[in-house]
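Residue numbers (the numbering used here), protein chains in the order written: chain A, 89 to 201; chain B, 6 to 446; chain C, 15 to 172; chain D, 11 to 171.
Here a beta-carbon is modelled for each residue, glycine too, at the ideal position from N, C-alpha and C.
Below you'll find the structure, written out as structure tokens, and then a few comments.
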């Protein structure tokens, strides 16, 4: 039962903090405010060029392995009750992702240029 | 207005501003980068954001007033600029500075050089994310600035070194405070050596990055720690010894490869050598009679008394004249009445002192070097700081040009970072210690 | 309960909250930057007054420290950086050059930053000692506390 | 004595190009004709003298003289540990001389600064633009007739309160 209260309080706290910022911050706009910040100096090109694919690749790989770590948290909670098979399941799960990691490594996804 | 790089850039590469108000650009350098991902294809450095019209102002101020402008040139080691400017004029006037004043000048410029290197390495390390080194170095610099402030009255813009000598004598307790500063700096240097010398991240960001060959360094006119990091031994203190540098023994650290790490290491070693010089100065400085603030007549009474006959008693001077009393004056100032202000006691009580004091500050009189030109250079924090003064006999310099070592260092930045990653600009720019005050003048 | 009692109480709380959470953007150009380093570091710590967090982007800062000489070529850049700062924002002009052009009265220097942007606090000195900069910060905090805070959520032309 | 040697040798090597040599305050100075700069400097960079470093390049404005701009070069030889000053004077209407960028790389910025401040043109300079002032700055600030306080603001300045 108290788990519900914990989520309620922290959820409300997050909502209040965000909305206070939106409510109380004075909103004054001027022509320069919406332009991107480039250390204040005049812009060298009018539109934003497409980013090279390398950035996207690194971002995606990071996301992948970050999500993998997220699954360890609930597992760690119930690790005690599951006794034997817990380790085997996690090893299988980790192994699959490790194979993916080695494949990406050999393919040269981590070399920059 | 389209910059050069916009004309040369091919359409699909990204053009990025590393603009003047960027934390790593020391506030006023703009680098326009043509990028392919993280790789720099082409770059253009734009300066002039801190051009304060120093050389034009020099043509409208007298020699004495220009002293304050020289502190703000290389504002990290202001006393060295003072020494350079003042010695150029003394060379023109062929003025002889007393022994103790020369030792005080060497002591002060070496302390200023240490604070220059500390600030430079602090900024460079912080930009490579070593924030602890920044805090340690600035803490050590506080101790050095305490000594400078106790002697000169100001922490940074002191204008303490005057034409003909120094403004005031050292405080009676200066050996203890200087020893304390030297001790603290040595402790901090040991910590920074431990933190950065074999630090994997710092090494991978500075080793073999910003590589400069000795021939290129000479072609760019590099001088100072950056030239010595490429292995060429040129230090104005050894090449053209001035003041008492020829009597002090210190050696010149040299690097081998001329990359960022060598520039860092040469600066660390140079701080060690400067500490040695400071200690030698403490030991060898000629003694001067103990300074005691005379508590005799008030100036007003002394003037009334001097109308009848020479007042026997001493005169109580205002506290900010401490250190420039008459008995000490001849040790810290040359004794050529044409170019030196007489001590205050004489200015109050004797007619010659009053006249020479008045004439010194009167328009059109004061310090008037003979017609002609002179070039004199000292070893500044970043290299050879040279003053080229053309005088036409009046009390204002006809033309004053400063040889800024940073201009030559920054002129080579475009070649150093071509083909490297964006992250390599920061340590390269940081290790060169670009000070915009003297670069843009 | 009079309506303006709540408003003034709320204004007081808002002033107290904004006063102690100033994120500053150090717009450093020249010699006063060395004194700013001493102020921001361990000896004269600026963090004791809640303004220690240095933000190098105008989007995340509400106090613009103009430290050093602003030349004519630098003025439009300062204007853009000021415009792009998020509301509520304050400006502190540190050093004689930022306050009034200082010793550089010639063709190249803007004679005082208030010719470019509105300034709240002027800190004299060339360079000002770290204690004076901290004193300027305390005066700014008093100003924020007593200021009438604008918290309407409708968008208004500035 | 040894000091005079270099000046005499230059004089013998380029009798018609060198106007006069002197050594005020012990600094060796050579006065050249404008066209002779490149040849003399290349001669000085070679073996016996090895003036390999261009220390400084600056310009001095003498409005009352008919040859108005006086260019002053300081070059330094690491081998001999000696400094030499080369001076040339240029009339105002034809204020241009050949650039030293092929010989030294820092001449690029130094010449841009001289152009920016005085308006002296350098033939053969890769991109002769203003170094310090902005592109559309009218006039050359360090000339004697440019007033000290004539400001050309880039953005409309407000009246300070």
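ask   = In this structure, what does DSSP give as the bridge partners for residue 80 of chain C?
value = Numbered from its first residue, the third chain carries residue 80 of chain C at position 66. DSSP lists C/41, C/107 as the bridge partner or partners of residue 80 of chain C.
ask   = From B/366, B/345, B/389, pick the residue whose C-alpha is nearest to that of residue 100 of chain B; which is it?
value = Counting from 1 along the second chain, the entry for residue 100 of chain B is found at position 95. Residue B/345 is the option with its Cα nearest to residue 100 of chain B.
request  = Count the other C-beta atoms from every protein chain shown that fall within 10 angstroms of the C-beta of residue 30 of chain B, then say buried if there are 16 or more, exposed otherwise.
outcome  = One-based indexing of the second chain puts residue 30 of chain B at position 25. By the neighbour-count rule (16 or more Cβ atoms within 10 Å), residue 30 of chain B is buried.
key: Members of the stretch 126-151 of chain C that neighbour chain B once the beta carbon cut-off is set at 8 Å   = Within the stretch 126-151 of chain C, 140, 141, 143 place their CB atoms closer than 8 Å to a CB of chain B, listed in sequence order.
ask   = Using the beta-carbon count (16 or more within 10 Å), is residue 7 of chain C buried or exposed?
value = Outside the displayed range of chain C (15 to 172) lies residue 7 of chain C, so it cannot be described from this structure.
request  = Using 10 angstroms around the beta-carbon of residue 163 of chain A, count the other beta-carbons present and answer buried if the total reaches 16, otherwise exposed.
outcome  = Taking the first residue of the first chain as position 1, residue 163 of chain A is located at position 75. Exposed, by the Cβ-count rule.
ask   = Whose Cβ in chain D lies nearer than 7 Å to the Cβ of residue 377 of chain B?
value = Walking along the second chain from the start, residue 377 of chain B turns up at place 372. Proximity of chain D to residue 377 of chain B at the Cβ level (cut-off 7 Å) is accounted for by 34, in chain order.
message = When you compare the CB of residue 47 of chain B with every CB in chain A, is at least one pair closer than 7 Å?
response = Reading the second chain from its first residue, position 42 is the one you call residue 47 of chain B. At a cut-off of 7 Å between C-beta atoms, residue 47 of chain B does not count as an interface residue with respect to chain A.
query = Using a beta-carbon distance below 7 Å, is residue 163 of chain D in contact with chain C?
reply = The residue you call residue 163 of chain D lines up with position 153 of the fourth chain. Yes, because at least one Cβ of chain C sits closer than 7 Å to the Cβ of residue 163 of chain D.
ask   = Does the stretch 191-206 of chain B come close enough to the stretch 352-359 of chain B to have 3 or more Cβ pairs within less than 8 Å?
value = No, because fewer than three Cβ pairs between the stretch 191-206 of chain B and the stretch 352-359 of chain B fall closer than 8 Å, the two stretches do not touch.
query = For chain C, is any of its Cβ atoms less than 7 Å away from the one on residue 436 of chain B?
reply = Position 431 of the second chain, counted from the first residue, corresponds to residue 436 of chain B. No, residue 436 of chain B does not count as interfacial toward chain C.
request  = Pick helix, strand or coil for residue 402 of chain B, following the three-state DSSP scheme.
outcome  = For the purposes of this step, residue 402 of chain B is taken as residue 397 along the second chain, with counting starting at 1. Taken through DSSP and simplified to helix, strand or coil, residue 402 of chain B comes out as strand.
ask   = Closest to residue 398 of chain B by CA distance: which of B/164, B/142, B/376 is it?
value = For the purposes of this step, residue 398 of chain B is taken as the residue at position 393 of the second chain. For the options B/164, B/142, B/376, the alpha carbon positioned closest to that of residue 398 of chain B is the one of B/376.
message = Looking only at its chain, what residues have a beta carbon closer than 7 Å to the beta carbon of residue 11 of chain D, apart from the 5 residues adjacent to it on each side?
response = Working through the fourth chain from its first residue, we reach residue 11 of chain D at position 1. Below a pLDDT of 50, predicted positions are generally treated as unreliable, and residue 11 of chain D, at 44, falls in that range; the measurement from the model is reported next regardless. Apart from sequence neighbours up to five positions away, no residue of its chain approaches residue 11 of chain D with a beta-carbon distance below 7 Å.
request  = Leaving out five residues on either side along the sequence, give the residues of the same chain with a beta carbon under 7 Å from the beta carbon of residue 410 of chain B.
outcome  = Against the second chain, residue 410 of chain B aligns to sequence position 405. Scanning its chain for C-beta atoms nearer than 7 Å, with the 5 sequence neighbours on each side dropped, one finds around residue 410 of chain B the residues 228, 229, 385, 387, 388, 389, 390, in chain order.
inquiry  = Here's a check: name, in chain order, each residue in its chain whose Cβ is nearer than 6 Å to the Cβ of residue 41 of chain D, leaving out the five neighbours to either side.
reply    = Numbered from its first residue, the fourth chain carries residue 41 of chain D at position 31. Excluding positions up to five away in sequence, the list reads 29, 30, 97.
request  = Could you give the DSSP three-state label for residue 198 of chain A: helix, strand or coil?
outcome  = The residue you call residue 198 of chain A lines up with position 110 of the first chain. Residue 198 of chain A falls in the coil class under three-state DSSP.
request  = Please classify residue 333 of chain B: does DSSP put it in a helix, a strand, or coil?
outcome  = Locating residue 333 of chain B in the second chain gives position 328, counting from the first residue. Helix at residue 333 of chain B.
key: Beta-carbon neighbours of residue 161 of chain B, restricted to chain C and to distances below 8 Å   = The residue you call residue 161 of chain B lines up with position 156 of the second chain. Around residue 161 of chain B, the beta-carbon contacts reaching into chain C at under 8 Å are 45, 48, 49, 141.
query = Counting only runs that start and end within the stretch 325-380 of chain B, where is the alpha helix (DSSP H) found for 4 or more residues in a row?
reply = Segments of the alpha helix (DSSP H) lying fully in the stretch 325-380 of chain B: 331-337, 349-354, 356-366.
ask   = Closest Cβ-Cβ distance between residue 144 of chain D and chain C: below 7 Å?
value = Counted from its first residue, the fourth chain places residue 144 of chain D at position 134. So, interface residue.
ask   = Counting Cβ pairs, one atom from each stretch, are 3 or more of them under 8 Å apart for the stretch 282-290 of chain B and the stretch 98-118 of chain B?
value = Under the three-pair Cβ rule at 8 Å, the stretch 282-290 of chain B counts as touching the stretch 98-118 of chain B.
inquiry  = Please report the distance separating the alpha-carbon of residue 139 of chain B from that of residue 160 of chain B.
reply    = Numbered from 1 along the second chain, position 134 holds the residue referred to as residue 139 of chain B. Numbered from 1 along the second chain, position 155 holds the residue referred to as residue 160 of chain B. Distance between the alpha carbons of residue 139 of chain B and residue 160 of chain B is about 19 Å.
request  = Could you list which residues in chain D have their beta carbon closer than 8 Å to that of residue 121 of chain C, in chain order?
outcome  = For the purposes of this step, residue 121 of chain C is taken as residue 107 along the third chain, with counting starting at 1. Within 8 Å Cβ-Cβ: 151, 156, 157, 158, 159, 160, 161, 162.
Residues that DSSP places opposite residue 69 of chain D in a beta bridge = Counting from one through the fourth chain, the residue named residue 69 of chain D turns up at place 59. According to DSSP, residue 69 of chain D bridges with D/81.
message = Tell me which residue opens and which closes the beta strand (DSSP E) that residue 39 of chain B is part of.
response = Sequence index remark: in the second chain, residue 39 of chain B carries index 34 (1-based). It spans 35-41 - the beta strand (DSSP E) in which residue 39 of chain B sits, taken as one unbroken run.
message = Helix, strand or coil for residue 383 of chain B? Go by DSSP, reduced to three states.
response = For the purposes of this step, residue 383 of chain B is identified with residue 378 of the second chain, where counting begins at 1. The answer is strand: DSSP assigns residue 383 of chain B an E or B state.
query = By a C-beta neighbour count over all protein chains shown, 10 Å radius and 16 as the cutoff for buried, is residue 69 of chain D buried or exposed?
reply = In the fourth chain, counting from the first residue as 1, residue 69 of chain D sits at position 59. Flag for residue 69 of chain D reads buried.
Cross-chain neighbours of residue 11 of chain B in chain A, by beta carbon under 8 Å = Residue 11 of chain B sits at position 6 when you count from the first residue of the second chain. What residue 11 of chain B touches in chain A: 132, 133.
query = Quick one, are the C-beta atoms of residue 23 of chain C and residue 158 of chain C less than 7 Å apart?
reply = As a first step, residue 23 of chain C is located in the third chain; it is residue number 9 there, counting from the start. As a first step, residue 158 of chain C is located in the third chain; it is residue number 144 there, counting from the start. No; because the gap between Cβ atoms is not below 7 Å, this pair is not in contact.
query = Taking the continuous beta strand (DSSP E) assigned at residue 433 of chain B, which residues delimit it?
reply = Position 428 of the second chain, counted from the start, is the residue given in the question as residue 433 of chain B. First-last for residue 433 of chain B: 430-437, but that is the alpha helix (DSSP H), not the beta strand (DSSP E).
task = Run the CB neighbour count on residue 157 of chain A, radius 10 Å, all protein chains shown included, and call it buried at 16 or more, exposed below.
result = Counting from 1 along the first chain, the entry for residue 157 of chain A is found at position 69. Burial is judged here by how many other beta carbons sit within 10 angstroms of a residue's own beta carbon; residue 157 of chain A has fewer than 16 and is exposed.
key: Members of the stretch 202-229 of chain B that neighbour chain C once the beta carbon cut-off is set at 8 Å   = Hits within the stretch: zero.
Sufficient close CB pairs (3 or more, under 8 Å) joining the stretch 264-274 of chain B to the stretch 198-217 of chain B = As far as the Cβ criterion goes, the stretch 264-274 of chain B touches the stretch 198-217 of chain B, which means the pair count is three or higher.
query = Since residue 96 of chain D is in the beta strand (DSSP E), which residue starts that stretch and which ends it?
reply = Counting from 1 along the fourth chain, the entry for residue 96 of chain D is found at position 86. Counting along the chain, the beta strand (DSSP E) containing residue 96 of chain D begins and ends at 92-100.
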